[in-house]
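In the order they appear, the protein sequences are chains A and B.
Position in the first sequence (first residue = 1) + 60 = the numbering used here.
Position in the second sequence (first residue = 1) + 2 = the numbering used here.
Have a look at the structure below, then the notes.
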Amino acid sequence: MAELKPTRDGFGEGLLELGRTNPNVVALSGDLEDSARAVWFKKEFPNRFFSVGIAEQDMIGTAAGLALGGKIPFACSFSQFVTGKGLEQMRLAVCYQKLNVKIAGSHGGLSVGADGATAEALEELTVLRSLPNMAVVVPCDALEAKRAAIASASYPGPVYLRLGRAPTPIVTKPSDAFVIGQALTMRGGDDVSFIACGVMVLHALQAAEQLAKEGVEARVINLHTIKPIDRAAIIAAARETGAIVTAEEHTVVGGLGGAVAEVVVQEHPVPMRFVGVLDRFGTSGDPAELLKAFHLMPEDLVKAAKDVLRLKQPL
Amino acid sequence: MPSSPNLAELRRTARELRKTILQTIAKAGSGHPGGSLSMVELLVGLYWYKLRHDPKRPDWPERDLFLLSKGHGCPALYTVLASQGYFPKEELMTLRRYPTRLQGHPERGSVPGIEISAGSLGQGLSMANGLAMSDRLDGRRRRIFCLMGDGEIQEGQVWEAAMTAHHHKLDAVCAIIDANQLQQNGPVKDIQDIEPLPDKWRAFGWHAIEIDGHDIAQVVKAYDEAETVKGKPQVIVARTVKGKGVSFMELNPSWHGVAPKPEELERALKELDAVAV
């Protein structure tokens, strides 16, 4: 079994490295720097870490001010709290002003686990990708999260990084390229495409292995950047495989699946299925148990792939 | 920045600004005259006295910053900036009409001198704090002023920011409250009472100065006093009159967001000209 590590840890390592290499990088948190792994940066760079109390609106506004001053602030919190409470500040102070603010949200998705529904961000990708100028990134493992943190600092403008709490296997390789806005093809195949982000990339890879045993070759695309979306990779998947299953630890209302569908229906319509949370709130439980209960497991992706394969037109 | 300001000159400037503000809003056919007129002396005291700035170098890194958080008061700021030479005065007459650089609420950088976008209330003070933190890291010493409305500070974010400025001892930050007594649907005390303002801010760790915000001598004195305070942020609670200078607009909530018609504009301009300064 591969090494298990949460994406928030990868982010924390990336932020620390940024602290050592870029004096303009600063960080803020509202009493969640431990959870969001910004605490490692805080320990090494106390003067460049700003505690703003449990006040997400002010944190985003303060980050905007730091960016106006020429800094590259990382505002770190739980995904749900920072994106929910800080939304209006992200819209006006960050996105409208095109400021270089990075928002890191840990505890994205159901795999928060025992804390339950209120802490499980399941809608924020939909909301944030609707904001002009906002980049939305969901790393699939700790290695990618570290590279996403580092890449976001040199990406001009606002970036949201969604991170997870649960330890998950490393599925990317050190040799893989990571560029914000460029999807990563993790597995070749021409029968059907899985387009996934976050922990669902792992499940897509596992689903592809199962399908391969049945003679179906699935392409697996790691769409770590939901916005700006890699249209070319999606169009190629539609054209070359003729059927698409999207997978996300997030609501199916307008998230990664919606973003992919917006491209597919306009450029090259093919049958699609969305694997995700079906317009409901999360709940408490063991992360693995929740992913099963909410039908986000490899077998759910296999089933969805078989559905689209039945609908697929002969190429 | 003159060492001793010519108060009569500043009063005349305020009167001319009021006239132009009303003309621009009348031309636009919509806008917020009440809250623009109430903040005129507060802006005059900054742009003609306290603020270290240079209209020819709007990006000068050492300039003091003025952040307008009550974005709906932008006709006053646009008029001040044009009068100072940040952009051509003729452009004021494009207010709110497409295509214009002068939106109904200000957009950062649309014209030189607009430091932040505003229009969703309660956001300016957090940005002021962030700028002060950034300046501190850079060893840059400059003042950061943030003007808010009294209705605006009902926004919870303002009090979050008030706690942040106190906690981080951001003495570069000077908040100004244009306490003009009214908000969109009536008197502030009826919509949601926010008093006692100076005591509230003091309890949050701020140095509070309460003044008559239309007395230019008190305004410049308050700016001077605020600058001497070390280790804590300052707030100037400026008691003002919404619609100041025009009898039929003063303290009349219906003039929050309505433009004067041509005959009303004419009456208003006459009244302003008739007052001795």
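Glycine included, every Cβ here is placed at the ideal spot set by N, Cα and C.
- Start-end ranges of the beta strand (DSSP E) lying completely within the segment 146-184 of chain A, minimum 3 residues: Counting only runs of 3+ residues, the beta strand (DSSP E) found wholly inside the segment 146-184 of chain A occupies 162-166, in chain order.
- Query: Pairing CB atoms from the segment 267-280 of chain A with CB atoms from the segment 154-166 of chain A, are three or more of them under 8 Å?
  - Reply: no
- Query: How close, in whole Å, do the beta carbons of ALA167/B and VAL160/B come, if the pair is a contact with beta carbons under 8 Å?
  - Reply: With 8 Å as the limit, ALA167/B and VAL160/B do not qualify as a contact, their Cβ atoms being about 10 Å apart.
- Task: Helix, strand or coil for SER128/B, going by three-state DSSP, please let me know.
- Result: helix
- Nearest to LEU53/B by CA position, among ILE146/B, ASP173/B, LEU24/B and GLY141/B, is which residue? ILE146/B
- Item | Cβ distance (whole Å) where ASP290/A is taken to contact GLY241/A below 8 Å | 6 Å
- So ALA78/B and VAL113/B are in contact, right, with Cβ under 8 Å, and what is the actual spacing, rounded? Contact doesn't hold; Cβ gap of about 14 Å is too wide.
- Could you list which residues in chain A have their beta carbon closer than 8 Å to that of THR102/B, in chain order? Against chain A, a Cβ distance below 8 Å from THR102/B picks out nothing, because the smallest value is about 17 Å.
- Query: Per DSSP, ASN282/A forms a beta bridge with which residues?
  - Reply: DSSP output for ASN282/A lists LEU244/A and ALA256/A as bridge partner(s).
- Message: Quick check on ASP69/A - is its C-beta less than 7 Å from some C-beta in chain B?
- Response: no
- Message: At the level of alpha carbons, what is the spacing between ALA84/B and LEU94/B?
- Response: 7 Å
- Kindly identify the DSSP beta-bridge partner or partners of THR228/A. For THR228/A, which the question treats as bridged, DSSP gives the partners LYS65/A.
- Message: Closer than 6 Å to a non-hydrogen atom of the ligand GTP - does that hold for the CB of ALA179/A?
- Response: The model depicted lacks the ligand GTP and carries no ligand whatsoever.
- Task: Determine the DSSP secondary structure at HIS216/B, reduced to helix, strand or coil.
- Result: coil
- Query: Going by the CB atoms, is the gap between MET119/A and ALA96/A shorter than 7 Å?
  - Reply: For ALA96/A and MET119/A, no; Cβs fall outside 7 Å.
- Task: With 7 Å as the C-beta to C-beta threshold (strictly closer), list the residues of the segment 112-144 of chain A near chain B in chain order.
- Result: Answer set for the segment 112-144 of chain A: VAL112, GLY113, ALA115, GLN117, ASP118, GLY121, THR122, ALA123, ALA124, GLY125, LEU126, LEU128, GLY129, GLY130 and LYS131.
- Message: Give the list of continuous beta strand (DSSP E) stretches no shorter than 3 residues that lie fully inside the segment 310-374 of chain A.
- Response: Counting whole runs of 3 or more residues, the segment 310-374 of chain A contains the beta strand (DSSP E) stretches 332-337.
- Query: Do the segment 152-159 of chain A and the segment 76-94 of chain A touch if we need at least three Cβ pairs shorter than 8 Å?
  - Reply: no
- Could you check the C-alpha separation between GLY151/B and GLY158/B for me, to the nearest Å? 14 Å
- Message: On a Cα-Cα basis, can you pick out the residue from SER214/A, MET332/A and SER212/A that is closest to LYS366/A?
- Response: MET332/A
- Task: Take ALA181/B as the anchor and find which of LEU104/B, ARG142/B and LEU199/B has the nearest alpha-carbon.
- Result: LEU199/B
- Message: For ARG241/B, report the span of its beta strand (DSSP E) as first-last.
- Response: Residues 236-241.
- Those residues which DSSP pairs with GLY188/B across a bridge: GLN185/B
- Query: beta strand (DSSP E) containing ALA87/A: first to last residue?
  - Reply: For ALA87/A, the enclosing beta strand (DSSP E) has its first and last residue at 85-89.
- Taking only the alpha-carbon atoms, compute the straight-line gap between TYR225/B and LEU64/A and give it to the nearest angstrom. 58 Å
- Message: Any beta carbon of chain D sitting closer than 7 Å to that of GLU268/B?
- Response: Among the chains of the structure shown, chain D does not appear; the protein chains present are A and B.
- Give the DSSP-derived three-state secondary structure of PRO262/B in the structure shown. coil
- Residue burial classification, ASN282/A (beta-carbon count within 10 angstroms, cutoff 16): Result: buried.
- Query: Looking at the structure shown, is ILE116/B part of a helix, part of a strand, or coil, going by DSSP?
  - Reply: DSSP places ILE116/B outside both helix and strand once states are collapsed to three, so it counts as coil.
- Query: Based on Cα-Cα distance, which residue from ALA278/A, LEU78/A and GLY336/A lies nearest to GLY258/A?
  - Reply: GLY336/A
- Message: Within a Cβ cutoff of 7 Å, which residues of the same chain sit near LEU338/A, ignoring the five residues on either side of it in sequence?
- Response: The residues are VAL312.
- With 16 other Cβ atoms within 10 Å as the buried cut-off, status of MET3/B: Legend: pLDDT at MET3/B = 49, less than 50; position of this residue unreliable, value from coordinates given subsequently. Label assigned to MET3/B: exposed.
- Query: Who are the neighbours of GLN157/A on chain B, taking C-beta pairs under 8 Å?
  - Reply: ARG110, ILE118 and SER119
- Item | Inter-residue spacing [alpha-carbon to alpha-carbon] between HIS74/B and ALA210/B | 25 Å
- Task: Quick one: measure Cβ to Cβ for LEU149/B and LEU253/B, integer angstroms, because I've assumed they're closer than 8 Å.
- Result: Under the criterion of beta carbons closer than 8 Å, LEU149/B and LEU253/B do not qualify as touching, at roughly 20 Å.
- Query: Do you know whose CA, among SER128/B, LYS21/B and VAL46/B, lies nearest HIS169/B's CA?
  - Reply: SER128/B
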